[in-house]
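**Student:**
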Ligand SMILES: [Zn+2]
């Protein structure tokens, strides 16, 4: 991904914490021969009277009561595995899927954590999480692709992706550490229900970026070859080369899931010179939310050189003189996050 979210956006994780603690205490109490607690016992006051959560918890508890100690111990392990974030993103740390648990506990688990996820919305935790993310995110666009703009808080909500998909890892279904705002295309057309930490084609675990972590990727088109690609009207496009730079294994997962190279080549980097403003705007946007006032000719090139002070003076003169040959790869290489 091209950026990461501020970890402060996950600070208000009390809904998850409360449900996690309740489920854990129920399983442990049953395993030690005791009685699982009622929903309202010691529950956060904003959750204690929520009927949907109480009903779902009662169903989970009833299912847990029907399990053996060994089976409940397995459920506890899966609960802990699935919330061992960010360790499970490293491609190695064990993380059992829900199908490792007895069949009878799976539906109640999915329903309980789905109800907890719904509570995040009605308690406006989601809104506050997004506000923090929007306020601190350079460029205000989807960091999973760098293409989709993010709407301001209060407008239509961006998708909130279950990074570990809830169909496989429902115990993390309301954990803010696992919930990442994501553009609709990235979420619904590319990532969908794919397992970010395990390649279903090979069965192999894979490393991935942590949306709230400290590492991300950059995109470079600097190795592209100007005027060696296909022709569009009177213009010859560069032969684009999209290089994704960063931790190689995480980058590979990112590209596999979100089809980054493919999308850049088909949507973005295939900008002919007449349409270069569009590409430049996107690249500048990714570089920090700079609002590009679409200009023409010299004005556009002056904007380029202002925005890219690191361009050496020879190249800047070339840009300002209308050096089209240098302009496209320079813009593309410098603007990336
Ligand atoms: Zn996106």
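In our numbering, the protein residues as written are 1121 to 1457. Yeah, the Cβ is synthetic: ideal placement off N, Cα and C, and Gly gets one too. The structure presented is a predicted model; accordingly, all values stated were derived computationally and were not measured.
List in chain order: all unbroken alpha helix (DSSP H) runs of 4+ residues lying wholly within the stretch 1121 to 1182.
**Tutor:** 1134 to 1151 and 1165 to 1168
**Student:** Where the beta carbon is closer than 5 Å to any heavy atom of ligand 1, which residues qualify, in chain order?
**Tutor:** Working through the chain, the matches are 1262, 1264, 1265, 1268, 1303 and 1306.
**Student:** Consult DSSP for residue 1383 and reduce its assignment to one of helix, strand or coil.
**Tutor:** helix
**Student:** Measuring alpha carbon to alpha carbon, tell me which of 1176, 1314, 1342 and 1152 ends up nearest residue 1378.
**Tutor:** 1314
**Student:** Run the CB neighbour count on residue 1169, radius 10 Å, all protein chains shown included, and call it buried at 16 or more, exposed below.
**Tutor:** exposed
**Student:** Quick one: what does DSSP say residue 1288 is sitting in, helix, strand or coil?
**Tutor:** If DSSP states are grouped into helix, strand and coil, residue 1288 belongs with coil.
**Student:** Got a sec? Which residues, its chain only, sit under 6 Å from residue 1292 by beta carbon, not counting five neighbours each side?
**Tutor:** 1202, 1203, 1284 and 1298
**Student:** May I have the straight-line CA-CA distance separating residue 1261 from residue 1192, to the nearest angstrom?
**Tutor:** Residue 1261 and residue 1192: Cα-Cα distance of roughly 43 Å.
**Student:** Just to confirm my understanding: we take residue 1245, look at its own chain, exclude 5 residues before and 5 after, and list those with CB closer than 7 Å. What are they?
**Tutor:** 1132 and 1135
**Student:** Taking all protein chains shown into account, do 16 or more other C-beta atoms lie within 10 angstroms of the C-beta of residue 1342, making it buried, or fewer, making it exposed?
**Tutor:** exposed
**Student:** List the DSSP bridge partners of residue 1210.
**Tutor:** Paired residues: none, contrary to the question.
**Student:** Residue 1267 and residue 1125: beta carbons closer than 7 Å?
**Tutor:** no
**Student:** Assess contact between the stretch 1272 to 1279 and the stretch 1319 to 1326, defined as three or more Cβ pairs (one per stretch) separated by less than 8 Å. Is contact present?
**Tutor:** no
**Student:** On a CA-only basis, which of 1345, 1182, 1311 and 1351 is nearest residue 1376? Give me that one, please.
**Tutor:** It is 1311.
**Student:** Short check: CB of residue 1144 to CB of residue 1159, under 7 Å?
**Tutor:** By the CB criterion at 7 Å, residue 1144 and residue 1159 fall outside the cutoff.
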